[in-house]
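Novice: Residue numbers (mature numbering (1 follows the signal peptide of the UniProt record, and there is no 0)): -30 to -1, 1 to 506. Built from N, CA and C at the ideal position, the CB exists for glycine as well. I have a structure here, written as structure tokens, and I will follow up with some questions on it.
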């Protein structure tokens, strides 16, 4: 459905759902499952092989490392991920305290994006000494096992803790998977004691929260730990030595400090609120994104769930965006926590086209700027050139409520000699709402199966009532046109807008035959002493 009381809300919901599904529809062409005879032995042998490779003599290790291709590294990582099947799945889950399981299907075209991240996370967790066993299941090949494990879509990530499943709620990069898995298995915070540890930590984490406390106790520290355990995405670190902490956040001046660090120009943001878990989490929600966020299938869930509901989208080719990035970051600094600036590669049809379709601009190739108010389900379009100054003015107008909501429309058609007038978004007021005549309007979409039958009925009725000057027959393509006063629940729909009462259109049944519709029109728009015949 395209229109509701908030005309764009249904389309926004459908589009966001579509993009969110993209972010979860990932799979891999997996190798054949391991034989069930001795899976535990197989796993131990693979882990032992990896340990032998890790313990090569230094000169041989350096020589071997130089020969490793990315594919070989990935292959090694994937060996750490145990393939489950109908024979071993129950035993593996029951006999291990923690099992992080990836359910996938070989036909899922998004597999390449997640599986390497999952394998890389497995390698990192092994190196960290994590007790988490990483496993995967071809849910298409083993549907009964998938059903028992509650795998319903692809991919599904589940953490089994002593046999009980916990839904995955983290991000989809290797780093994010590692952070989430460690937090859920007892390591919510990494303690940094030395300069060397701080330097090593910086190499591994591009975004993190640092807390400085004189002693790891007290109400402030407890709130910090609770926030670390509740957050699903960001690595928390703690220190008691201010000089060590300054390597992570140079501007620290006192203990009981909390700040977020990101790998971008706006690198450091200090928390200035009270140490309460809810307040800390809110601070992170408003400050964890870059000044300009590049939307991907992996981060789309996080973007849409942001508490910053006013989101400005810049659609541009990658080369064009490079020149825009710096000025856009300057614009974003002026609106931090008030709106988000998001970039989408306009060439990426999977991401860009669903959004651009909402504006009727799906064929656009040049830079465009749009906005969505996810709280009110409204959308906006920058209709001037997308220069930095115009984008800044657009953002300011959005915050002050001076930008009009955008409703898409096809070009105004030529209705000369048409028995059924074609209405578009731009002409809905003139031809329907402001017309002094009665208007019978058909609302259709090109993809609607039953619309063709209704259209033929309307054409037949228009010819039947051709001599009635007080009645106009019209139609509108709801997939390409919008208007704030048009409310549609299904397609096709027929509405009679009576002269003098255009604010209360009467909905007609599209299941009625031509004779019944003609009788209804006679009753509603023709005086009794002038009633036309009902027969067609």
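Go ahead and label residue 277 buried or exposed: buried means 16 or more other beta carbons lie within 10 angstroms of its beta carbon, across all protein chains shown.
Specialist: The residue in question, residue 277, is exposed, as its Cβ has fewer than 16 Cβ neighbours within 10 Å.
Novice: Going by alpha carbons, who is nearest to residue 129 out of 447, 105, 360 and 342?
Specialist: When each option's Cα is compared against that of residue 129, the closest is 105.
Novice: Please state if the CB of residue 351 and the CB of residue 508 are separated by a distance shorter than 7 angstroms.
Specialist: For the chain, the structure presents residues -30 to 506; residue 508 sits outside this window and is missing.
Novice: Can you list, in chain order, the residues of its chain with a C-beta nearer than 7 angstroms to that of residue 403? Leave out the 5 residues immediately preceding and following it.
Specialist: So the list reads 455 and 472, once near-sequence residues are dropped.
Novice: Excluding the 5 residues preceding and the 5 following residue 255 in the sequence, name in chain order all residues of the same chain whose CB lies nearer than 7 angstroms to its CB.
Specialist: So the list reads 276 and 277, once near-sequence residues are dropped.
Novice: Does the distance from the C-beta atom of residue 258 to that of residue 345 stay below 7 angstroms?
Specialist: Contact flag unset, no.
Novice: Could you pull out every residue in the same chain whose Cβ sits closer than 6 angstroms to the Cβ of residue 348, ignoring the five residues on either side in sequence?
Specialist: Around residue 348: 375.
Novice: Ends of the beta strand (DSSP E) at residue 412?
Specialist: Element bounds for residue 412: 408 to 414.
Novice: Determine the DSSP secondary structure at residue 296, reduced to helix, strand or coil.
Specialist: Helix.
Novice: Between which residues of its own chain and residue 323 is the CB-CB distance below 8 angstroms, once the five residues before and five after are set aside?
Specialist: Cβ neighbours of residue 323 beyond the five flanking positions: 332.
Novice: Does DSSP put residue 205 in a helix, a strand or coil?
Specialist: Strand at residue 205.
Novice: Tell me which residue opens and which closes the alpha helix (DSSP H) that residue 494 is part of.
Specialist: Run containing residue 494: 484 to 495, per the alpha helix (DSSP H) assignment.
Novice: Once the 5 residues before and after residue 334 are set aside, which same chain residues still bring their CB inside 8 angstroms of it?
Specialist: Excluding positions up to five away in sequence, the list reads 285, 316 and 326.
Novice: How many Å lie between residue 303 and residue 176 at the Cα?
Specialist: Distance between the alpha carbons of residue 303 and residue 176 is about 20 angstroms.
Novice: Residue 393 and residue 380 - do their beta-carbons sit closer together than 7 angstroms?
Specialist: No, the Cβ-Cβ distance between residue 380 and residue 393 is not below 7 angstroms.
Novice: What's the C-alpha gap between residue 495 and residue 476?
Specialist: Taking the straight line from one Cα to the other gives about 12 angstroms.
Novice: Would you mind reading off the limits of the beta strand (DSSP E) that contains residue 161?
Specialist: Residue 161 -> beta strand (DSSP E) spans 159 to 161.
Novice: Within its chain, find whatever has a CB closer than 8 angstroms to the CB of residue 509; leave out the 5 residues flanking it on each side and keep chain order.
Specialist: The chain is shown from -30 up to 506; residue 509 falls before or after that span and cannot be answered.
Novice: Do residue 262 and residue 311 have their beta-carbon atoms positioned less than 7 angstroms apart in this structure?
Specialist: A contact, by the Cβ cut-off of 7 angstroms.
Novice: Does residue 420 pass the burial test, meaning 16 or more other C-beta atoms within 10 Å, or should it be called exposed?
Specialist: Under this definition residue 420 is an exposed residue.
Novice: Can the beta-carbon of residue 359 be found closer than 7 angstroms to that of residue 408?
Specialist: Their beta carbons are not under 7 angstroms apart, which means residue 359 does not touch residue 408 by this criterion.
Novice: In angstroms, rounded to a whole number, what distance separates the CA positions of residue 463 and residue 372?
Specialist: Residue 463 and residue 372: Cα-Cα distance of roughly 34 angstroms.
Novice: Taking DSSP as the reference, what is the three-state secondary structure of residue 325?
Specialist: DSSP places residue 325 in helix when its eight states are reduced to three.
Novice: Is the Cβ-Cβ distance between residue 197 and residue 251 less than 7 angstroms?
Specialist: Contact flag set, yes.
Novice: When the Cα atoms are used, what is the spatial distance from residue 438 to residue 80?
Specialist: Their Cα atoms are separated by approximately 58 angstroms.
Novice: Name the one or two DSSP bridge partners that residue 74 has.
Specialist: Bridge partners of residue 74: 108.
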